[in-house]
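1 is the number of the first residue of the sequence shown in the UniProt record's numbering; add one for each residue after it. Where a beta carbon is used, it is the ideal one built from N, C-alpha and C, also for glycine.
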Amino acid sequence: MSLGIVWVIIIAILALIGGVALGFFIARKYMMNYLKKNPPINEQMLRTLMMQMGQKPSQKKINQMMRSMNNQQTK
């Protein structure tokens, strides 16, 4: 094998590793922003869920649960 082919292979491997790492971080940043803008659950969904479980949701309890869920997301 000539020295030129070895360098081409090394550069191709490094470019592949760099592309995978860069793609991972870009996708991670995109998903974090998406989830921040579109939270998976909101107050209305929480109220409906509590009513289905047989609980009468008060606004205080809903606010407390939303605050707890938001604290968990930021950690």
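Notebook entry, point to check: Cα separation between Leu3 and Leu35?
Noted result: Here the question's residue 3 lines up with position 3 in the sequence shown. Here the question's residue 35 lines up with position 35 in the sequence shown. Roughly 48 Å between the two C-alpha positions.
Next item on the list: Give the secondary structure of Ile41 by DSSP, where H, G and I count as helix, E and B as strand, and everything else as coil.
Entry: Taking the first residue of the sequence shown as position 1, residue 41 is located at position 41. Here Ile41 sits in coil by DSSP.
Next item on the list: Could you tell me whether the Cβ atoms of Met69 and Ile26 are closer together than 8 Å?
Entry: Locating residue 69 in the sequence shown gives position 69, counting from the first residue. Locating residue 26 in the sequence shown gives position 26, counting from the first residue. Their beta carbons are not under 8 Å apart, which means Met69 does not touch Ile26 by this criterion.
Next item on the list: Could you give the DSSP three-state label for Gly54: helix, strand or coil?
Entry: Residue numbering aside, residue 54 sits at position 54 when the sequence shown is read from its first letter. Note: Gly54 maps to coil in three-state DSSP.
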